[in-house]
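Residue numbers (the numbering used here), protein chains in the order written: chain U, 1 to 328; chain A, 1 to 227.
Below you'll find the structure, written out as C-alpha cells, and then a few comments.
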Ligand SMILES: Nc1ncnc2c1ncn2[C@@H]1O[C@H](COP(=O)(O)OP(=O)(O)OP(=O)(O)O)[C@@H](O)[C@H]1O
Ligand SMILES: [Mg+2]
C-alpha cells in the first residue's frame, strides 16, 4: 500500500516560492491501477516523484507498506526503490547499452549474478514482446519499443509497484493503446500495483480502477473511475471529462446533462425519447462507453425552447430512470 | 635545396628521435593529466548545483582554481612551475620537471573537457537510474562515464592535440622533441628548412591522433544507427 500523508512540496527558486503540492492525502491499494490526472503544471510529476523520493517532500510523509520513506536511511531507501519501478515519458534508456543490458541494469545494481540477470531479462523481454531485439540499441528502436524496454527494465527487480509518469504521452494512439494493454496485463498477471500519471482522460478511462484529480497543487477529487465519470463533483473534473461542454457556442434554450451510470442498458434511449415525445433535441456533447453491456458516460442535450415540450422530455427521462442535471 | 645542417641532423637521425620524444612526452603528460583531470572533472559535475550530490562551496572553490590555471598562458605557467617542480619531483630541469609542468597546465584543461562531456548526459537517464536505486558512485561508474564515453574520447583527442602543442612550446624552455629542434636549429641557426620539416612532422602526428581518435569515438558510439 502506498500512503501519502499530508504531503507538501514547495520549490524555492531565486525569484519566488512555488507551491507544487499542498496537503496531499492519498492511499493507493495493492493490486489496483490508480490514475492521477490534472492539467499541465498541476503538480502531477512532482507528486509521482515524491512517491519514490526522487523529490524530497517539504512536509508530510510517504509510507510504502507502512514504512516511512522520509525517515529511512539512504541505503535503505535505495533498496526500497528497487521495489518501485518507474517509467517516463522520455523512456530514459541507457543509450550506450543494448536492449538486454538495459534490462539487466537494475539487476546489476542489485548485485544479481550476470547469468541469472540475463535469464531474467530475457524472460521480461518475452513478456513485452521484444525477445528478438535483445542486441539492438535504443537508437534503433521506435518509441513504443523503447517504452516496452523501459517497462521490462522497471520490472526486472520484481517490484510491487510501478510508477508511470506520462508514459504514453509521446506515443501515437495505436501505440498508446498497446502499451496500456501491456500495463493492464502486467497488473493482472504479476499483481503489480500501477500508478498512472496522465493529462489524458482516455488513459484513465482505459485502464484505471480509481482516479485522483489534481488541480492547482491539490487533490480535487478521488474515487472509482466510473463514479467520477458519472457524477463529477469538482469543476476541474467536469472540465477534464467534458472539455467542450462548458463552452458550447451559440445555443439558446436550456441544456441538461444526462448521466449514464451503468444502470441503463443498451436500449436506444435517446431515439426512443425523441420518438415518444415527438420533439427534436440537439445533442451538444456525448461521451459514452459500453462496459460489459452497461452504458457509462454523459451526454449534454439542448432542450426544445417550447416549455411544454421541455417538460415532456424531462418527465420521460425521469420515467425511464435517467438522472439529469440542468447546466448553467 | 636543403641546408648542410639539415643533412647533418638527418644523418644523426635527429628528426625521428625528436618525433618519438614529442610523442613520448605527449602521451605521458596526457595520461597523467587525465589521472588528475578525470576525478576533478567528475567532482565539478557531481557537486554542481544540479549535480547528483551538490556541494556548492567545494564546487565554487574548484571552479575558481581551474579557471585561474586556465587563464595563465601556458608558457608562463610552465616557467613559473619549475621551482615548484623541484619541490615535488626533485628537479627543475629535464623531462621529469617538464612533464610536471605540463600536467599542471593540462589537468585543469582536461577537467573542463571531462566536465562538459559528462554534463551532456541526459538528466532523465540519471533520474531513471536513481529511481532504480543506484547509489551515487554507481551512477558515476555505470551511467555517467559509460554514457559519456564517445564524447569523452573526442575530448581526449582534443586534449592530446593541445598537450602536443604544449610540448612543442616547452621546447623553447628545455624540453626535448620537435619543438626543441625547430627552435635550436631552425630558428637560432637560421635554417628555416629544419623548422618546416618539424612543422610537417607535427602536422602528421596530429593528423594520426585525430583520425584514430575520431574513428574509435565513432566506433564506440551506439547512438549512431548506420555504420
Ligand atoms: N525543480 C523545480 N524547481 C522549481 N519549480 C518546479 C520544479 N519542478 C516543478 N516545479 C513547478 O512545480 C509545479 C508543478 O510541476 P509538475 O512538473 O509537477 O507539473 P505537471 O503536473 O507534471 O505538469 P505537466 O503535465 O506539464 O508535466 C509547476 O509550477 C512547476 O513549474
Ligand atoms: Mg509532468
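A virtual CB, placed ideally from N, CA and C, is assigned to each residue, including glycine.
Given the structure is predicted, the values throughout are model-derived calculations rather than measurements.
Given a length threshold of 4 residues, each whole run of the alpha helix (DSSP H) inside the stretch 26 to 79 of chain U is given here in chain order: 44 to 51. The stretch 141 to 151 of chain A makes no contact with the stretch 118 to 134 of chain U; the number of CB pairs closer than 8 Å stays below 3. Rounded to the nearest whole angstrom, the CA to CA distance from residue 214(U) to residue 287(U) is 22 Å. From the listed residues 327(U), 205(U), 43(U) and 36(U), the smallest Cα separation to residue 221(U) is found for 36(U). Just measuring C-alpha positions, the residue of 129(A), 2(A), 27(A) and 179(A) sitting nearest residue 75(A) is 179(A). Three or more Cβ pairs drawn from the stretch 45 to 63 of chain U and the stretch 72 to 85 of chain U lie within less than 8 Å of each other, which places the two stretches in contact. At least one CB of chain U lies nearer than 8 Å to the CB of residue 143(A). For residue 232(U), same chain residues with a beta-carbon under 6 Å away, outside a window of 5 residues either side, are 238 and 241 in chain order.
Distances from the alpha-carbon of residue 101(U) to those of 115(U), 194(U) and 327(U) put 115(U) closest. In this structure, residue 228(U) keeps its C-beta atom at 8 Å or more from the C-beta atom of residue 28(U).
With contact defined as three or more Cβ pairs closer than 8 Å, the stretch 208 to 226 of chain A and the stretch 38 to 51 of chain A are not in contact. Cα atoms of residue 171(U) and residue 143(U): separation of roughly 7 Å, rounded to the nearest angstrom. Interface annotation, residue 181(A): not in contact with chain U, CB-CB separation never under 8 Å. Chain-order list of chain U residues neighbouring residue 135(A): 78, by C-beta distance under 7 Å. The C-beta of residue 158(U) comes no closer than 8 Å to any C-beta of chain A. Of the candidates 192(U), 186(U) and 180(U), the residue whose Cα lies closest to the Cα of residue 203(U) is 180(U).
Near ligand 1, meaning a Cβ closer than 6 Å to any of its heavy atoms, lie the following residues in chain order: 11(U), 13(U), 18(U), 20(U), 38(U), 40(U), 41(U), 42(U), 43(U), 44(U), 45(U), 46(U) and 199(U).
Beta bridge pairing from DSSP links residue 257(U) with 300(U) and 325(U).
For the 8 Å CB-CB criterion, residue 210(U) and residue 182(U) do not form a contact. Boundaries of the alpha helix (DSSP H) around residue 104(U): 99 to 109.
Taking the C-beta atoms as reference points, residue 156(U) is found nearer than 8 Å to residue 103(U). Not one beta carbon of chain A lies nearer than 8 Å to the beta carbon of residue 72(U). Residue-level contact by beta carbon fails for residue 188(A) and chain U, as no gap is shorter than 8 Å.
Taking residue 118(A) as reference, the option from 203(A), 44(A) and 214(A) with the minimal CA-CA separation is 44(A). Close to chain A, meaning a Cβ-Cβ distance shorter than 9 Å, are the following residues of the stretch 75 to 101 of chain U: 75, 77, 78, 79, 80, 81, 82, 83, 84, 85, 86, 87, 88, 89, 90, 91, 92, 93, 94, 95, 96, 97 and 98. Residue 295(U) sits in a strand when the DSSP states are folded into three classes.
In the structure shown, the three-state DSSP call for residue 193(A) is helix.
In terms of beta-carbon proximity, residue 120(A) stays away from the interface with chain U, with every pair separated by 8 Å or more. Within chain A, the residues whose beta carbon sits less than 8 Å from that of residue 139(U) are 222, 223, 224 and 225, listed in sequence order. Against chain U, the beta carbon of residue 176(A) has no neighbour under 8 Å; the closest one sits roughly 39 Å away. Look at residue 105(U): its C-beta is under 8 Å from a C-beta on chain A. If you draw a straight line from the Cα of residue 24(U) to the Cα of residue 216(U), it comes to about 12 Å. The way I'd put it, the stretch 50 to 69 of chain A does touch the stretch 103 to 115 of chain A; three or more beta-carbon pairs between them come closer than 8 Å. Looking from the CA of residue 100(A), the closest CA among 31(A), 54(A), 126(A) and 125(A) belongs to 31(A). Taking every protein chain shown into account, the CB of residue 301(U) has 16 or more other CB atoms within 10 angstroms, so this residue is buried. Between ligand 2 and the CB of residue 166(U), the shortest heavy atom gap is smaller than 7 Å.
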